[in-house]
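According to this note's numbering, the sequence shown is numbered sequentially starting from 165.
C-beta atoms are modelled at their ideal positions from N, C-alpha and C, and glycine is treated no differently.
Note that this is a predicted model, so its numbers are computed, not measured.
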Amino acid sequence: MAETAFSAAPALPAWITEQFPYARRVFHNGAHSIHFVDEGSGPAVLLQHGNPMWSYLWRRVMARLIPGGVRVIAPDLVGLGLSSKPRDPSIHTLEFHANQISALVGALQLDSVVIVGQDWGGPILGLLAARHPQWVRGAVFANTMLAQPTRQPRTTSFHRFANMPVVSDIAFRHLLFPIPVLHKVQGDPHSIGRREKKAYRFPLRDRSDRVAPLAFARMVPLDLAHPTVRTLGEVDAWARNFAGPVRLVWGMRDPILGPSLKKMKKLFPAAPVTETDAGHFLQEEVPMLLAEAILKVL
């Protein structure tokens, strides 16, 4: 793909760049654009966040990888961060997001990358790997789920709430839920304080841009008829057959996906596991442990 598919990234306020001083670009893919960090030289690592975050989430992990001779690629999912924000919630599917990140990887001509996924980043990169196995040589997963449900999925109050008409729209689009309560899913609630919440709010400060957080929450299957279940079948099959190195790093105090470690161990029975006292967004609590796992896979 021609270099013209890339452009300079928009400027960020100084209070963000002080914490997040990394080289950034924008990839244009048809109607959508993907903002991403691309810094460092050496073997490439693809860091993928989930809902409702953006690449800022990985800043402390990046700070440990880049000086060690690693090229870090950290995209913002379409609808989140500084990527484009379509108004149609129906576009948000596991397949759509995997296709978008796959287009970026293809344009960057990355042919030997370690994928690192947390939250929705896990299955999105898992589907990328299933469809482009030649690109992926290793993986690290953290507080995510790649297994296809075979019985009624276990749901959380958060995801049940997201499927309640009217009230969920008010909470997500008007009150910017769940950003005000991110600290409640952490092992250390102080790990996401006022400064961090301000940074996570920043890309969603315009109310019309707040379509994706609720759409992502509704991508979680509440039953086996949900379309995400079928797509997870591809991810599950890839995980069970992947022969490259894999490591798991887990926040055991995560009320959302902490219990999912048991199923992830079954998918990757040979993978070393680092269990921590962190919560859901463990990038904010144990960045060194994540970086160590990534470097060991490299």
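For residue i, three-class secondary structure by DSSP
| i | result |
| --- | --- |
| E464 | Given a span of 165 to 462 for the chain in the structure shown, any question on residue 464 remains unanswerable. |
| A144 | Coverage of the chain is limited to positions 165 through 462, which leaves residue 144 absent and any answer about it impossible. |
| G281 | strand |
| V413 | strand |
| Q447 | helix |
| L291 | helix |
| A381 | helix |
| R124 | Within the shown structure, residues of the chain are numbered from 165 to 462, placing residue 124 beyond reach of any answer. |
| Q300 | Going by the sequence as given, residue 300 is Val instead of Gln. It is a strand residue. |
| A326 | helix |
| P216 | coil |
| N251 | The sequence shown places Arg at residue 251, rather than the Asn named in the question. It is coil, neither helix nor strand. |
| T314 | coil |
| M165 | For M165, the pLDDT reaches just 43, beneath the cut-off of 50, and the residue's location in the model is therefore unreliable, leaving the point undetermined. |
| A407 | coil |
| Q350 | coil |
| V375 | coil |
| I420 | coil |
Residue i - partner residues in DSSP beta bridges
| i | result |
| --- | --- |
| D202 | I237 |
| R189 | A172, F200 |
| V209 | V236, V278 |
| E439 | W414 |
Beta carbon of residue i nearer than 8 Å to that of residue j
| i | j | result |
| --- | --- | --- |
| G214 | G285 | yes |
| V399 | A294 | yes |
| M428 | L310 | yes |
| V349 | G245 | no |
| V413 | T440 | yes |
| G351 | E449 | yes |
| A306 | L446 | yes |
| R315 | I343 | no |
| R371 | H338 | yes |
| A303 | V278 | yes |
| F170 | F184 | no |
| T319 | L386 | yes |
| S247 | S321 | no |
| P216 | P377 | yes |
| G194 | R235 | no |
| V410 | A435 | yes |
| A187 | V201 | yes |
| G232 | L459 | yes |
| I288 | A262 | yes |
| P391 | T257 | yes |
Contact with chain B by residue i, beta-carbon distance below 8 Å
| i | result |
| --- | --- |
| L272 | Judged by its chain identifiers, the structure shown contains no chain B, having just a single protein chain. |
Cβ-Cβ separation, residue j to residue i (assumed contact under 8 Å), whole Å
| i | j | result |
| --- | --- | --- |
| V375 | K249 | 7 Å |
| S332 | R301 | Not a contact, Cβ separation roughly 40 Å. |
| L274 | A173 | Their Cβ separation, rounded to whole angstroms, is 19 Å, which puts L274 and A173 out of contact at 8 Å. |
| V242 | Q264 | 5 Å |
| W218 | P433 | 33 Å between Cβ atoms; not a contact. |
- Message: I'd like to know if the segment 450-458 and the segment 215-232 are in contact, where contact means that at least 3 CB-CB pairs between them fall below 8 Å.
- Response: Enough Cβ pairs lie closer than 8 Å, so yes.
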